[in-house]
Each structure stands twice: as structure tokens, then as C-alpha cells.
Amino acid sequence: MGFINDGQGYQWVFYWCAIFCAILLLIIFFFMEETKFDRAKYMTSNHIEGQTVPSANQTSTDPDTKDDLDTKHDAEQDQAATTTLTNVSAPNEAFNLDSTEFSKKSRISRLKPIECKNLRGENRLIKLISRPILLLAFPIISYAGFIYGCNIVWLSVLNATESMVLSNKPYNMLTSTVGLTFIAPLIGTTLACIYTGIFGDKFIIKMARRNGGFMEAEHRLWLFLPSLVLIPFGCILFGVGAYYEAHWFSIVFAMGVISFTTTAGSQISIAYCIDCYRDLASEALATAIIIRNTMAFGIGYGVTPWVVNLGYQNAFILGAFAGLAHNLTIFPVMKWGRALRQRSAEKYWNTVKEGADLDLNH
């Protein structure tokens, strides 16, 4: 975008965005068909009758090999990690299509934006929209959205202030050069993906072995520990460095560090939310995104006057302590998160059953 701005003017930055959006719109319209298949008409529901079902994040262990684990899992933890269900639809339901014939639609008919027959029957749209809002009543989902938003706001802060710093004295970088400095955030994001993906999964497996073969969702929160140091470090290096006109490399390096923490924090938050409520993963994630977007919206309006009025040094020192504070909240959740999930077990399974009855769980 920086090269487009220098070569064609800032208007063409938006023109090119409009061109690419138009191309994608055509691709989506012609090649990504929207379907509404009513599964309920063809499904045969199975039911769980008074069966003890493991929690969403519990890993199964063969009784014969349980003694070979590093540590034994006490009876209280076994009991707390399970809940007894009655008459709850099983997630795996059988299709009965033997007596049904389907004819393939033509390309033109599949491009219709609206099918008249879909306007008839039960309207589940309102329920589909309201369910993510209702999931705010689950403390863990709300917390996952909060910590997700807390980590993502630093990306908004970075985007709002990076050009202010590097385009002015003493750096005086061109727009294209400012754009190239985002190679550092690209590197930071890549390293964060490796950290939370490859290393994170190995870490979770190791923690489960130490816990007697049982994975707890809160084990994933330990991956936030580097952020306790890196967010304050990145903010102070960026803000204090800009205030004292440090070498441009220190500013760019801080951008990479902040991007690492932003990406890692986002992925850990999402994974924690899904680990806690796996059967509501899509809706719980939508709830977390609502919280995240609300926080990002607010910081987008507040960051510029915040930095202008306080100055780079004071604003980012304050930001460093704010970043440290919100990541320290992982420790209370590590201690009491499991109890909160246990209290919400009945509500969780009732919500899952309601979604299955309405054919909303995918």
C-alpha cells in the first residue's frame, strides 16, 4: 500500500481495495454456493440415557494403561470432570436417506440468492443470532473474549501510532518505507504461530501427562507467560524509544515483539475457549469475537488522543502496565476456571441439546 500511495496517490489505495473486493464478490457469487439443508428431516436422533459423559476437554485413558502414567488422577478430579446427562441428543446423529431421492440442480438454479421454499417453515435466524449473545452468561466464554480483546488492542495501538512516529522527525520515512517496516510484525506473527501451534500442542500434551493423563483447558493459559514480559517490554521499547528518538531499528523491533504477543494471545484465547466448550465452539467463538471487536472499536477511537495528550513515553509506559495487568488475570482463572466450568456444566449441556433440537450445532 505504501508503494501505491507513493506511485499513484492515496486515492488509489482505496480504489485497489474496491477492485479486489469486486473480484472477490464475483468469485463468491459464482463459486461459493449458499445452501440451506434441513438436516432435521433426515436425521435419526440417538439419545444418552443417564450416561456419564466426559467433559469437552477431558482426554480418555485406557484403564489398563492408567498405572503407567506419570501421576495418578485423584477421584475428586474424575468426578468433577464429568456430568450425568439424561435424554440429551448425541452429537453424532444418523442420516436416513434410503427413501429420499435428490435431483441435482442446474448451475443457474444454484445461483439464486433466495429460494422461495426456504422462506416457509420454522425461522431459526433469530435464534441463531441470539445464541452467541446468551453465551455471555458463561464466565469462561466472557473471559476468553476479554483476554482476546485485551491482546488484540495492541495491534490497533500499533497501527495508529507507527506512522505517526516513523513519518516524522527524526526518521522522516516515506510511506512506502513505513509499509516495509511491517515485515517485523510479519516475522513476529509467524513466530507466534509456531509458538502457539507446534510448541503449544507439545506443551499441552506434556501437561496432560503430568496431570495423570487428563488435559485441563487451563493448562493452555500457561502459554501466556512470555506475554507477561514481552508486552511491557515491547510497549516501553516503542514508546520510550520514540520519545528519545532512538534508532529506527528499536522501533521496528518493538513492532515485531508487540505483534508476537498479539498473535499468540489471540490464538491462546481462542483455543482456551474451544477447549472449554467444544460442542459450542462456533457460537462461543462468535461471542468472544463480539467482545474482541467491541474493545478494538473503542481503542480505535481512543488511542490517538491518548497518545497525543500523554506523549509517547507516558502513554506507552501506562500501556505496558495495562498489558501486564490484563495478562496477570490468567492466574485466578488457572485456579478457579475449572470450578466455573463445573458450575456451568448443566447449562452447557442444555444449550447443546437446544442447538441440536433446532439443528444449529455444526
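The numbering of the sequence shown is my numbering, which starts it at 26 and goes up by one.
Don't be surprised by glycine CBs; every beta carbon is placed ideally from N, CA and C.
Inter-residue Cα distance where the pair is residue i and residue j
{"i": "glycine 34", "j": "threonine 202", "result": "15 Å"}
{"i": "methionine 25", "j": "leucine 183", "result": "This structure cannot speak to residue 25, because the chain is shown only from 26 to 387."}
{"i": "isoleucine 172", "j": "asparagine 352", "result": "7 Å"}
{"i": "threonine 200", "j": "phenylalanine 28", "result": "7 Å"}
{"i": "tyrosine 168", "j": "glutamate 187", "result": "29 Å"}
{"i": "cysteine 218", "j": "leucine 248", "result": "12 Å"}
{"i": "alanine 340", "j": "valine 332", "result": "5 Å"}
{"i": "arginine 363", "j": "alanine 185", "result": "38 Å"}
{"i": "lysine 231", "j": "glycine 327", "result": "42 Å"}
{"i": "isoleucine 314", "j": "glycine 170", "result": "6 Å"}
{"i": "isoleucine 133", "j": "phenylalanine 54", "result": "12 Å"}
{"i": "alanine 242", "j": "alanine 47", "result": "42 Å"}
{"i": "asparagine 30", "j": "glycine 259", "result": "28 Å"}
{"i": "isoleucine 44", "j": "glutamate 379", "result": "43 Å"}
{"i": "arginine 317", "j": "tyrosine 40", "result": "29 Å"}
{"i": "serine 369", "j": "alanine 309", "result": "14 Å"}
{"i": "serine 155", "j": "alanine 233", "result": "35 Å"}
{"i": "arginine 235", "j": "glutamine 367", "result": "21 Å"}
{"i": "lysine 152", "j": "threonine 312", "result": "14 Å"}
{"i": "glycine 344", "j": "valine 38", "result": "31 Å"}
{"i": "methionine 240", "j": "phenylalanine 228", "result": "11 Å"}
{"i": "valine 190", "j": "glycine 323", "result": "22 Å"}
Buried versus exposed call for residue i [16 or more other C-beta atoms within 10 Å across all chains shown]
{"i": "alanine 106", "result": "Note that alanine 106 scores a pLDDT of 42, beneath 50, so its modelled location is shaky; the value from the coordinates is reported in the next line. When all chains shown are included, alanine 106 counts as buried."}
{"i": "phenylalanine 263", "result": "buried"}
{"i": "alanine 162", "result": "exposed"}
{"i": "aspartate 382", "result": "exposed"}
{"i": "isoleucine 223", "result": "exposed"}
{"i": "glycine 225", "result": "buried"}
{"i": "asparagine 176", "result": "buried"}
{"i": "proline 257", "result": "buried"}
{"i": "threonine 329", "result": "exposed"}
{"i": "glycine 32", "result": "exposed"}
{"i": "proline 357", "result": "exposed"}
CA nearest to the CA of residue i, picked from the options
{"i": "methionine 348", "options": "Val277, Phe228 and Thr287", "result": "Here residue 348 is glycine; the residue named in the question, methionine, does not match the sequence. Nearest option by C-alpha distance: Thr287."}
{"i": "leucine 305", "options": "Gly27, Gly222 and Val377", "result": "Val377"}
{"i": "proline 251", "options": "Ile355, Ser188, Ser128 and Ala309", "result": "Ile355"}
{"i": "serine 275", "options": "Glu379, Tyr196 and Thr221", "result": "Tyr196"}
{"i": "tyrosine 269", "options": "Phe239, Ala233 and Tyr337", "result": "Tyr337"}
{"i": "asparagine 193", "options": "Asn318, Ile44, Asn375 and Ala267", "result": "Ala267"}
{"i": "isoleucine 208", "options": "Lys137, Ser284, Ser155 and Arg234", "result": "Ser284"}
{"i": "lysine 137", "options": "Lys152, Leu205, Phe56 and Pro357", "result": "Phe56"}
{"i": "phenylalanine 346", "options": "Lys360, Thr329, Leu253 and Ile324", "result": "Leu253"}
{"i": "isoleucine 165", "options": "Glu371, Tyr302, Met189 and Gly325", "result": "Tyr302"}
Any contact between the segment 164-183 and the segment 282-291? By contact I mean 3 or more CB pairs, one from each, below 8 Å.
At 8 Å Cβ cutoff, the stretches touch.
List in chain order: all unbroken alpha helix (DSSP H) runs of 4+ residues lying wholly within the segment 155-217.
Secondary structure within the segment 155-217: the alpha helix (DSSP H) runs of 4 or more consecutive residues, fully enclosed, are 164-191 and 200-205 (chain order).
Is there contact here, the segment 212-227 with the segment 274-286, by at least three beta-carbon pairs under 8 Å?
The segment 212-227 vs the segment 274-286: in contact.
Can you check the segment 324-358 for any beta strand (DSSP E) of at least 3 residues that lies completely inside it and give the ranges in chain order?
Counting only runs that start and end inside the segment 324-358, there is no beta strand (DSSP E) element of at least 3 residues.
Under 8 Å, with one C-beta from each stretch per pair, do the segment 296-305 and the segment 229-248 reach the 3-pair mark?
Because the criterion of three Cβ pairs below 8 Å is met, the segment 296-305 and the segment 229-248 touch.
Which complete alpha helix (DSSP H) runs does the segment 212-294 hold, if anything under 4 residues is left out?
Taking only runs of at least 4 residues, the alpha helix (DSSP H) segments lying wholly in the segment 212-294 are 225-235 and 250-268.
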